[in-house]
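K.L.:
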Amino acid sequence: MRFKNRDEAGQRLAERLKNYAKEDVVIYALPRGGVVVGAEVARILQAPLDILTARKVSHPDFPEFAIAAVGQDGYVVKNEEAVLSIGQDKFDKLVKDAQAEAQRRHGLYLKGISVPEAAGKIAIIVDDGLATGLTVKAAISDLRSRKPKKIVLAVPVAPDIALTAMVDEVDDFVCLYPDPNFIAVGAYYEEFSQVSDDTVIEILRKINKHKNEES
């Protein structure tokens, strides 16, 4: 299965999530690519759009290797063996820096935008795909602390083993294409260009402006 772009992926996800359309729902997208997908889900389900700015923590010597992820509220998911390999002090510094960046981005993206609280609502986390799952697990931990009624994870594509790995993390997991031969998220899109900060801000303002005008 391939998607033309993130917009189409979001539209297909929304079709699978239509049973939540009449519920009290908030869409939580993971920037930056997940915001484009999440915007389509929010538009079709007529739900507000928020973000979860979890950040990957990379190994200092091998930047492509994620050893942990941290949410904006400080929840950390880590690879214990990798942490031992670099030492606790160095790891703590990397986590502190990543959390500061997550908080900076959260403030940048949502400046002047009003979004509802998660408490008591159905929270649907959306990204443009799932690879290792570290970042989304940190985001889920952050979100769970806000006491939503239910947490749903929705992605267009993921390794098929993710279905098992995530089953205890969320109440519902929707994946359009769980691939046993998963390559990389971008391989499932015809168009997979970088999404800018300005685009994220524009999308969040547009979606939530429409919601505020309706309410």
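Under UniProt numbering, read the sequence shown as residues 1 to 215, first letter to last. All residues carry an ideal CB built from backbone N, CA and C; glycine is no exception.
(1) Let me make sure I understand the geometry here. Which of 80, 140, 192 has the alpha-carbon closest to that of residue 173?
(2) So what does DSSP say about residue 173, is it helix, strand or coil?
(3) I'd like the list of long-range same chain contacts for residue 10, defined as Cβ closer than 6 angstroms, with 5 residues on each side in sequence excluded.
(4) Let me check understanding here. Comparing Cα to Cα, which of 134, 124, 190 lies closest to residue 19?
(5) Using 8 angstroms as the threshold, is the C-beta distance between residue 49 and residue 207 below it?
(6) Does the beta-carbon distance from residue 113 to residue 205 come in below 8 angstroms?
(7) Residues bridged to residue 58 by DSSP?
(8) When you compare the CB positions of residue 138 and residue 95, do they come within less than 8 angstroms of one another, or not?
(9) Within the same chain, show all residues whose beta-carbon is closer than 8 angstroms to that of residue 90, passing over the 5 residues directly before and after it, in chain order.
(10) Among residues of its own chain, excluding the 5 on either side of residue 4, which ones have a beta-carbon nearer than 8 angstroms to its beta-carbon?
(11) For the beta strand (DSSP E) containing residue 78, name the first residue and the last one.
(12) Contact defined as beta carbons within less than 8 angstroms: I believe residue 149 pairs with residue 120. What is the distance between those atoms, to the nearest angstrom?
(13) Nearest by alpha-carbon distance to residue 66: which of 6, 118, 58 is it?
(14) Going by beta-carbon coordinates alone, are residue 127 and residue 136 separated by less than 8 angstroms?
(15) Spatial neighbours of residue 178 within its chain, please: C-beta separation below 6 angstroms, excluding the five flanking residues on both sides.
(16) Does the distance from the C-beta atom of residue 151 to that of residue 171 stay below 8 angstroms?
P.N.:
This is what the structure gives:
(1) 140
(2) strand
(3) 37, 40, 41
(4) 124
(5) yes
(6) yes
(7) 66
(8) no
(9) 60
(10) 189, 190, 191
(11) 76–78
(12) 5 angstroms
(13) 58
(14) yes
(15) 158, 160, 163
(16) yes
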